[in-house]
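For the first sequence, my numbering gives the first residue as 241, with consecutive numbering after it.
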Amino acid sequence: MAKSQSKTVKKTRTKSKIERAPVEPLVLQPLRGMKDILPTDQPYWDQARRVTERLARDYGFSRIDIPLVEYANLFERSIGEGTDIVEKEMYAFTTKGNDKVVLRPEFTAGICRSYIQHGMSVLAKPVKLFSFGPLYRYDRPQEGRQREFYQADFESFGEIDPILDAQMIQIASRIVQSLGIKSVQIQVNSIGCPVCRKDYRALLVSYLESKKNKLCQDCKRRMYVNPLRVLDCKEDKCAQVAAAAPQSVDHLCDDCRNHFKTLLEYLDELDLPYIINPRLVRGLDYYTKTVFEIWSGSEDGRKSSLGGGGRYDKLIKTMGGEDTPAIGFALGIERLILEMKRVQAKPYKAPKPKVFLAQLGALAKKKSLRLFSEMERNGILVAESFGRGSLKSQLKVANRLGVEITLILGQKETLDGTVIVKNMSTGVQETVSTDKMVDLIKKKLKADNVVVYHS
RNA sequence: GCGGUCAUCGUCUAUCGGUAAGACAUCGGUUUGUGGUACCGAGAAGCUGGGUUCAACUCCCAGUGACCGCCCCA
């Protein structure tokens with residue numbers, strides 16, 4: 241080590257006349273908008289993962305994992321060139337091989353790519369897939385809005401029936417409720433198919449043109465690029481214009497209107513309360529017919545969208561696959577967890593060790609490693625503090641951990657092939673031979689109605 | 001991408017243009033191989049880079065980050 245250091249110094253010295261390479265300081269923080277998920281937060285993440293995985297399984301979804309990085313044009317073509325995600329939120333860069341790539345901003349495009357590539361259209365329909373992982377959007381962070389964030393994503397391919405739409409909304413709602421978030425609002429809307437949307441769009445544009453001078457700068461531009469999004473503008477003056485604007489639900493073709501009507505009937509049947517939000521349009525181009533979002537109840541004022549989704553019946557074909565109707569949605573994990581904390585929902589409680597192994601002296605210390613492993617193999621969770629020497633400090637740790645039994649292994653016990661089993665609540669202790677130890681502990685834990693976990 | 005607020009031990013919070021204080025947490029001790037409380041002790045901080053000044057954690061500028069509002073979304 242010292243040798244290589246002096247070598248480095250020499251090198252620098254010989255180089256110093258030419259140019260000394262500036263040493264970048266080590267930045268001890270993550271990139272903007274990214275954060276560590278610390279052990280203290282993991283119980284919430286565990287809960288989010290467990291609930292989504294269980295419901296995915298219950299509703300027949302298979303897990304799929306796709307790469308974090310894809311070609312940029314996969315998203316440009318599917319999400320749409322005029323959208324905010326593509327226009328300004330892509331976490332994009334060029335590789336050494338000169339490929340233009342992005343860190344995935346959403347799941348749908350990548351899953352569709354995989355669906356087409358692997359010929360999943362031959363599978364029994366509907367093909368139901370779910371995923372869980374990080375997404376990246378290069379925008380300005382705020383609480384519940386990071387550059388790296390996680391979603392649970394559900395996609396279903398090959399079924400046009402609106403019962404699928406209802407079921408997807410049901411799953412989303414079930415996940416949120418199962419996490420202990422009771423008061424949520426489901427918003428639904430239909431933005432029609434390419435055919436009726438075209439007519440509606442023309443109608444909307446001509447209406448917006450007549451009110452042009454009452455719109456904000458952004459919307460004056462947006463009305464031609466993506467007029468539906470004007471309806472979503474939060475500017476007061478635009479909202480006023482939007483309120484009187486023609487609504488897509490009033491201009492659906494027969495097929496789309498029936499689809500929407502049937503969906504609402506299904507939702508009524510499921511007793512899922514919803515509100516129709518004619519201004520819900522969502523920021524991605526590929527949606528057709530049904531779109532929906534789930535909003536938190538938010539008694540303390542803050543409202544945030546926990547997730548959303550919709551139908552994208554034309555996307556697979558647009559991307560080069562066979563004509564396949566599809567619907568999907570995603571939930572934002574960080575937002576779910578923020579909401580869980582707000583409503584004091586219970587996180588997942590991992591099983592905690594009920595046994596502590598204390599050791600005293602060099603010989604016992606050596607022996608304790610094997611003892612620990614023996615118990616682990618028998619499904620007994622054991623805590624220890626092998627680095628500590630004194631029995632007193634080890635018992636302190638045991639006490640703090642709240643274990644029921646502490647095993648004490650000293651010099652004497654090691655030589656006798658025994659171990660002291662101490663009941664931490666009564667203080668009573670007995671000496672048993674090590675070969676009977678596992679059975680005895682199991683019996684004691686079981687007697688206390690304590691589950692013994694098996695690996 | 002635009003506007004605003006903020007930045008001190010691991011956490012929370014003081015103070016000051018001239019030695020940075022406390023609480024919680026952590027670790028150790030209060031005589032031998034037994035936990036709690038109490039008591040004692042230890043370690044631990046001015047985001048980074050410039051400037052003003054005899055002197056900067058403090059004032060100024062820039063950067064970085066967090067948060068808030070907008071945009072948008074999850």
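Ideal placement from N, C-alpha and C gives every residue a C-beta, glycine not left out.
- Excluding its 5 nearest sequence neighbours in each direction, Ser608 has C-beta neighbours in its own chain below 8 Å: Leu597, Gln599, Glu624, Phe626 and Leu649, listed in chain order.
- Below 8 Å, too few C-beta pairs join the stretch 334-350 and the stretch 280-297 to call them touching: fewer than three.
- Fully enclosed beta strand (DSSP E) runs of no fewer than 3 residues occupy 645-649 and 658-663 of the stretch 632-672, in order along the chain.
- The alpha-carbon of Val661 is positioned some 54 Å away from that of Phe569.
- The continuous alpha helix (DSSP H) containing Asn313 extends over residues Ala312 to Ile319.
- Residue pairing for Ser446: DSSP places it in no beta bridge.
- Excluding residues up to 5 positions away in sequence, Ile426, Val428 and Leu507 lie with their Cβ nearer than 6 Å to the Cβ of Tyr514 in the same chain.
- Under the three-state reduction of DSSP output, Ile516 falls in the strand class.
- In the structure shown, Gly548 adopts extended strand secondary structure according to DSSP, grouped into three states.
- Three or more beta-carbon pairs drawn from the stretch 448-457 and the stretch 465-484 are found closer than 8 Å, and the two stretches are therefore classed as touching.
- Ser318 is a Cβ neighbour of Ala349, given a cutoff of 7 Å.
- The C-alpha of Pro486 is placed about 15 Å away from the C-alpha of Cys493.
- Ranking Glu310, Pro307, Trp535 and Glu395 by CA distance to the CA of Ser413 puts Trp535 first.
- Under the 8 Å Cβ criterion, the stretch 355-368 does not count as touching the stretch 522-536, having fewer than three qualifying pairs.
- With a 10 Å radius around the Cβ and a threshold of 16 neighbouring Cβ atoms, Asn517 comes out buried.
- A Cβ-Cβ distance of about 29 Å is found for the pair Ile421 and Leu468, leaving them out of contact under the 8 Å criterion.
- Going by beta carbons, Lys529 and His499 fall inside the 7 Å limit.
- In this structure, the beta-carbon distance from Ile681 to Ile620 falls below 7 Å.
- Look at Ser354 here: in three-state DSSP terms it is helix.
- Shown here, Thr558 sits in a helix according to DSSP, grouped into three states.
- Distances from the alpha-carbon of Leu314 to those of Tyr526, Arg522 and Arg303 put Tyr526 closest.
- For Leu468, no beta strand (DSSP E) encloses it, and the DSSP letter there is neither H nor E.
- DSSP places Ser613 in the uninterrupted alpha helix (DSSP H) bounded by Ala602 to Arg617.
- If you check the CB distance, Glu388 and Pro374 come in under 7 Å.
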